[in-house]
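Report on the structure given below.
Residue numbers (the UniProt record's numbering): 1 to 398.
Laid out in structure tokens, this is it:
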């Protein structure tokens, strides 16, 4: 019988370390018992991935997670880290002292996701780790976490993602002064008692279900991509300035409360800031009551001279009032591609589309219609487009 040959152990250290960088750190550490060859290999892996979401072990098992993290950091080699990921579900206040030790290894990426905890304290050291290029903080979502570091000094940070935090004017100022290379900022389920986001280098801004109490001015002359998604908060107080470089933009409003009477919808100041975009993705809710104030503000905004691709997500009944789509057909002279996603709002007895056409567009290259229901409404929309547009290169109904 042939003796089994351990071919993996014969691989060079660089390859073994690269392989271990794709598995959880707990698994990487366990390889130390395989043979002498593997005893210290894990300590040179440039990626640390700590993950604790298994609740079956109870609180005692949860309490062992933090000593394990500290033990790994105390016994690994002195080589610099590339990436540190820390994902934890816990019912106690998690200790974040390990961040102090991690910062000494000069990581490029730190990603922290904590759920379940009711109390969280972020150490200042993470905001002074000079080697960081990407920082992700997803904090407990049952309340808004206040982060107020004494100072921010992240000269190479390019990407910052924050979830469930409170960001005031002081923190905003410190972030942009202390992160001179910041190009991408994503804020989700957060609160903004601040007056603005102003940066000369920011290229990507994404706001997901955030609450800003005051009027907020966004002034970013290099901004190329903007996403604003909201399910319960008004975006009417957001104004865009100096967005001439904007290429891609999307606004989606979900689950709008009818009691807001359209106040949640973007006004002309926000729409004007989108007028330079080449691609727009829009969804303004289900309620027909919001169409008139939306159109009123739309007619006040500039012509969309650069818009080439438009994605509109709307309910079936909005086909009856075709004005929303017609506004773009009229005010986007170089539009080439129109994509319409039809959503069902469970209404019955839709009216036939109005056909009081007051203008005709010469040409559209492609029209794509996505319909969730197998009925005639997609065909009716295609018919309406045929009335408003003299020539359509290709119509696709999916």
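Where a beta carbon is used, it is the ideal one built from N, C-alpha and C, also for glycine.
Since we're looking at a predicted model, the values are computed, not measured.
Pairwise C-alpha distance: residue j and residue i
i	j	result
residue 20	residue 108	18 Å
residue 11	residue 34	14 Å
residue 227	residue 206	5 Å
residue 176	residue 127	12 Å
residue 247	residue 379	31 Å
residue 80	residue 152	21 Å
residue 388	residue 359	7 Å
residue 18	residue 72	18 Å
residue 164	residue 139	6 Å
residue 411	residue 276	The chain is shown from 1 up to 398; residue 411 falls before or after that span and cannot be answered.
residue 396	residue 243	33 Å
residue 312	residue 282	5 Å
residue 41	residue 9	11 Å
residue 245	residue 367	26 Å
residue 223	residue 314	27 Å
residue 162	residue 221	22 Å
residue 115	residue 278	38 Å
residue 69	residue 182	29 Å
residue 336	residue 386	15 Å
residue 393	residue 365	5 Å
residue 102	residue 270	41 Å
residue 98	residue 147	18 Å
residue 38	residue 110	26 Å
residue 323	residue 330	10 Å
residue 159	residue 369	35 Å
residue 376	residue 339	17 Å
residue 170	residue 125	18 Å
residue 307	residue 332	6 Å
residue 216	residue 53	37 Å
residue 100	residue 123	8 Å
residue 44	residue 184	30 Å
residue 211	residue 253	13 Å
residue 328	residue 157	38 Å
residue 310	residue 201	27 Å
Extent of the continuous alpha helix (DSSP H) to which residue i belongs
i	result
residue 359	Where residue 359 is concerned, there is no enclosing alpha helix (DSSP H), given that its DSSP letter is neither H nor E.
residue 72	65 to 75
residue 99	98 to 103
residue 170	169 to 178
Counted within 10 angstroms of its Cβ, other Cβ atoms place residue i as buried (16 or more) or exposed
i	result
residue 303	exposed
residue 104	exposed
residue 197	buried
residue 230	buried
residue 66	buried
residue 76	buried
residue 25	buried
residue 137	buried
residue 86	buried
residue 193	exposed
residue 31	buried
residue 46	buried
residue 84	buried
residue 50	buried
residue 94	buried
residue 250	buried
residue 28	buried
residue 342	buried
residue 218	buried
residue 130	exposed
residue 326	buried
residue 403	For residue 403 there is no data in the structure shown, the boundaries of the chain being 1 and 398.
residue 15	exposed
Span of the beta strand (DSSP E) around residue i
i	result
residue 281	279 to 283
residue 85	83 to 89
residue 216	216 to 219
residue 249	248 to 253
residue 161	159 to 163
residue 196	196 to 198
residue 228	225 to 230
residue 394	389 to 397
residue 339	337 to 343
residue 329	No beta strand (DSSP E) contains residue 329, which is instead part of the alpha helix (DSSP H) from 323 to 331.
residue 110	109 to 115
residue 138	134 to 138
residue 156	Taken as a continuous stretch (DSSP letters only), residue 156 belongs to no beta strand (DSSP E), as it is neither H nor E.
residue 186	184 to 188
residue 205	204 to 208
residue 238	238 to 241
Requested in this report: Output the residue ranges of the alpha helix (DSSP H) runs that lie fully inside the region 7 to 51 and measure 4 residues or longer, sorted by chain position.
Outcome: Fully contained in the region 7 to 51 are the following alpha helix (DSSP H) runs of length 4 or more, in chain order: 13 to 20, 25 to 30.
**Report entry** Three or more C-beta pairs below 8 Å linking the region 182 to 190 and the region 237 to 251
**Finding:** Contact check between the region 182 to 190 and the region 237 to 251: fewer than three CB pairs, one atom from each, fall below 8 Å, which does not count as touching.
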